[in-house]
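Quick note, the sequences are listed as chains A and B, same order. Those letters in the first sequence? Residues -18 to 176, by the working numbering. Those letters in the second sequence? Residues -5 to 340, by the working numbering. Here a beta-carbon is modelled for each residue, glycine too, at the ideal position from N, C-alpha and C. Fair warning: this is a prediction, and the values are worked out from it, not measured in the lab.
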Amino acid sequence: MGDLDRVMQLLAKLPGLGPRSARRAVLHLMKRREALMMPLADALANAARSIRACSVCGNLDSADPCAICTDDRRDPSVICVVEDVADVWALERAVAFRGRYHVIGGVLSALDGVGPEDLNLDTLVARAREPAVTEVILAMNATVDGQTTAHYVADRLAPAGVKVSRLAHGVPVGGELDYLDDGTLMQALRARHSV
Amino acid sequence: MFVGRNGQGKTNILEAIGYLSTLASHRVGGAQALIGDTHDEATIFGTLSHQSRDVTIGLTLKRRGSSAATVSGNTAKVSEVPRWVSAVLFAPEDSAIVRGEPGFRRAFLDHLVISGSPSMAAVYQDFDRVLKQRNSLLKSLRKTGPRADLSTLDVWDESFISLSAEIVDQRMEHLAAILPLVNSNYATIASGDEVQATYLPKGYLLPSDRAERSKIKTAVIDALARHRTEEIDRGMSLIGPQRDDLELLISQRPARSHASQGETWSLALSLRLATAAWLKQERPSGDPIIMLDDVFAELDAKRRGHLVEMISGYEQILITSAVEEDVPQALRGQVFDVANGVVTPR
Ligand SMILES: [Zn+2]
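Here it is as structure tokens:
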């Protein structure tokens, strides 16, 4: 197999890319060999060598423990539990959370053969038992699988004696009621609070 | 009115509209069977007009991965689609609501629930997911044997119980709402015989026909506890709305075993007409679309007459027929010929 074919074949395995878009990407890279292709190849090689999962929280970083876990300006008493590293990035982009994270690496799904032993939970329970930790926020997706997993994690955390909370689901900021789906509206109504 | 020989694609059109209104087909279970053999996906587009508002709904079913929807070009949740489309389909298969397997009656109830309360479509989607997860888990627990860790079954049960209770509650509430209309329709079409309809839980008991949701929940919790060993032994869910039934009685006698051919059709029509009348009354977005899929050939002159009389006031009626003459004169509007999947206005 030619080098180009190999690159195209590998690119086509990426989420969101098919064979067609992989061919386009390769052509684009070839046209910008110096400015794009070489730096990308180097960056990928470096990342592949240095990036690993943080042994404390499961976040991806070149340092272990990761930069978030070692940042002492962050509040060590609150841990936010998420499904995926992408969720850490989303919360970090929003600059809304100043505590620490715990990435469990998926959701319970018997259909996909994912059980509790496949999730990064034992370390979470151990962290929750540390005296410095007072609250664990469960920030799983609002899918049934995500919410069932949140439920399971809450059960596992109960003996640790920390406060366990969940994200509220409801009306997005700037959201017009008319455009909201029924499920979101109902959640928002249920989670209403007095003003 | 869509006219054409059988197998040309008439029913497809109604089935597509029906799918938008309930996310289910009246002919096949599951979306996979709706995708052409040589294709990876199937897409339905429908433009709904009500007063001066137009909304275009798109729904794509995929062979792999989950379906996708758009509302006026914007991405939307699939479970949002039924909120925009309200339709009631009359089909030859309807006699099975009275005489067929429990699955036909559950499908009737679920169509009623989703049409009347479109937000329930999301609850059904979640329920289907949880049921699949739970069955898959029970199957693996059966393999593991007595040492199995049941803690994950406990959490799936929590979701299963609350979704089950919501579905059972909604089925019973909607059933109670249309029952008077079923009776008045049946009295007009058939006779003065009284129709009774009772929700029939399988493997658990409800205190009354209109139990509170908390009581339904308790009943399901008890039943799951009682059947846990058996469920694990058999590796599948044995309790829940996916197993329940609806008992229909005509003059105190079970329709499933006792109804004559004529009574069967009178009752099936009454159930659908009651659904339509109730939706007309309850939904703010105008009349449901009435769809008659080749039903006239099934009905005698008297029942045809009643059907025509009762639906002729609806805003839109779509009819398919192999033989134009089968369709009563009063309902013949704009005709479209359907041949080999191509629709041509006449
Ligand atoms: Zn970390």
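Spell out the partners DSSP gives Gly(-17)/A in its beta bridges. DSSP, once it has assigned bridges, lists no residue as partnering Gly(-17)/A.
Considering only residues of the region 20 to 75 of chain A, which uninterrupted alpha helix (DSSP H) runs meet the minimum length of 4 residues and lie entirely inside it, listed in chain order? 48 to 51, 66 to 74
For a contact meaning CB atoms closer than 7 Å, what does Ser146/A contact in chain B? Chain B residues near Ser146/A: none, gap ~18 Å exceeds 7 Å.
Output needed for Val289/B: all residues of its chain with C-beta closer than 8 Å, excluding positions within five of it in sequence on either side, in chain order. Excluding its 5 nearest sequence neighbours in each direction, Val289/B has C-beta neighbours in its own chain below 8 Å: Phe84, Ala85, Pro86, Asp88, Leu301, listed in chain order.
Taking only beta carbons into account, state which residues of the region 66 to 83 of chain B come closer than 8 Å to chain A, listed in chain order. Residues are counted here when their Cβ sits less than 8 Å from a Cβ of chain A; for the region 66 to 83 of chain B these are Ala70, Lys71, Ser73, Glu74, Arg77, given in chain order.
Selection of the region 95 to 123 of chain B by Cβ proximity to chain A, strictly under 8 Å: Pro112, Ser113, Ala116, Asp120, Arg123
Strictly under 8 Å for the Cβ-Cβ distance: is Trp150/B near chain A by that measure? yes
Verify the CB distance criterion: does Gln127/B have a CB-CB separation below 8 Å to chain A? yes
Give a yes or no on whether the C-beta atoms belonging to Leu105/A and Ile85/A are separated by under 8 Å. Yes; because the gap between Cβ atoms is below 8 Å, this pair is in contact.
Going straight from the alpha carbon of Phe121/B to that of Val162/B, what length do you get? 12 Å
So which residues on chain B does Asp42/A lean against when the C-beta distance must stay under 9 Å? Here the premise fails: no neighbours, minimum Cβ distance about 30 Å.
Indicate whether at least one CB of chain B lies closer than 8 Å to the CB of Met(-11)/A. no
Name the DSSP bridge partner or partners of Tyr193/B? Leu240/B
Please report the straight-line C-alpha distance between Arg141/B and Arg79/A, rounded to a whole angstrom. When rounded, the distance between both Cα atoms is 42 Å.
Quickly, what does DSSP pair Leu131/B with across the bridge? List them, please. Answer is none; Leu131/B lacks a bridge partner.
What would DSSP say about Leu103/B, mapped onto helix, strand or coil? helix
From what residue to what residue does the alpha helix (DSSP H) around Pro174/B run? Segment 145 to 183, the alpha helix (DSSP H) holding Pro174/B.
Determine, using beta-carbon pairs with one atom in the region 88 to 100 of chain B and one in the region -3 to 7 of chain B, whether at least three such pairs fall under 8 Å. No, the region 88 to 100 of chain B does not touch the region -3 to 7 of chain B.
Quick one: Cα of Leu144/B to Cα of Pro97/A, how far? 11 Å
In its own chain, which residues sit with a C-beta less than 7 Å from the C-beta of Trp78/B, not counting the 5 before and 5 after it? Leu42, Val49, Ile51, Val65
Which residues DSSP lists as bridging Lys144/A, in chain order: Glu116/A
Run through the DSSP bridge pairs and tell me what Ser90/A is partnered with. Val95/A
How many angstroms separate the CA atom of Leu200/B from the CA atom of Ile29/B? 40 Å
Taking all protein chains shown into account, decide if Ala184/B is buried (16 or more other Cβ within 10 angstroms of its Cβ) or exposed. buried
Determine, for Ser136/A, whether the minimum Cβ-Cβ distance to residues of chain B falls below 8 Å. Ser is not the amino acid found at residue 136/A; the sequence shown has Asp there. Under the 8 Å criterion on CB atoms, Asp136/A is classed as interfacial with respect to chain B.
C-beta contact flag for Ile283/B and Ser80/B at 8 Å: yes
Taking only the alpha-carbon atoms, compute the straight-line gap between Ile11/B and Pro339/B and give it to the nearest angstrom. 19 Å
Would you say Thr146/B faces chain A, with C-beta separation under 8 Å as the test? yes
DSSP state of Ile311/B, grouped into three classes? strand
Using 8 Å as the limit for Cβ to Cβ distance, is Leu131/B near chain A? At least one C-beta of chain A is nearer than 8 Å to the C-beta of Leu131/B.
With 16 other CB atoms within 10 Å as the buried threshold, where does Ile32/A fall? Exposed: under 16 other Cβ atoms inside 10 Å.
To the nearest angstrom, how far is it from the Cα of Leu55/B to the Cα of His168/B? Straight through space, the alpha carbons of His168/B and Leu55/B are spaced by roughly 28 Å.
Ser15/B touches chain A at which residues, Cβ-Cβ below 7 Å? Neighbours of Ser15/B on chain A: none; closest Cβ ~15 Å, over 7 Å.
Check whether the Cβ of Asn40/A sits closer than 7 Å to any heavy atom of ligand 1, and report yes or no. Within the chosen limit of 7 Å, ligand 1 reaches the beta carbon of Asn40/A through at least one heavy atom.
Ordered along the chain, which non-local residues of its own chain (more than five positions away) have a Cβ less than 7 Å from that of Val143/A? Ala109, Val114, Thr115, Glu116, Val117
Can you pull the chain B residues whose beta carbon is under 7 Å from the beta carbon of Ala91/A, in chain order? The contacting residues are Gln127, Ser130, Leu131, Ser134.
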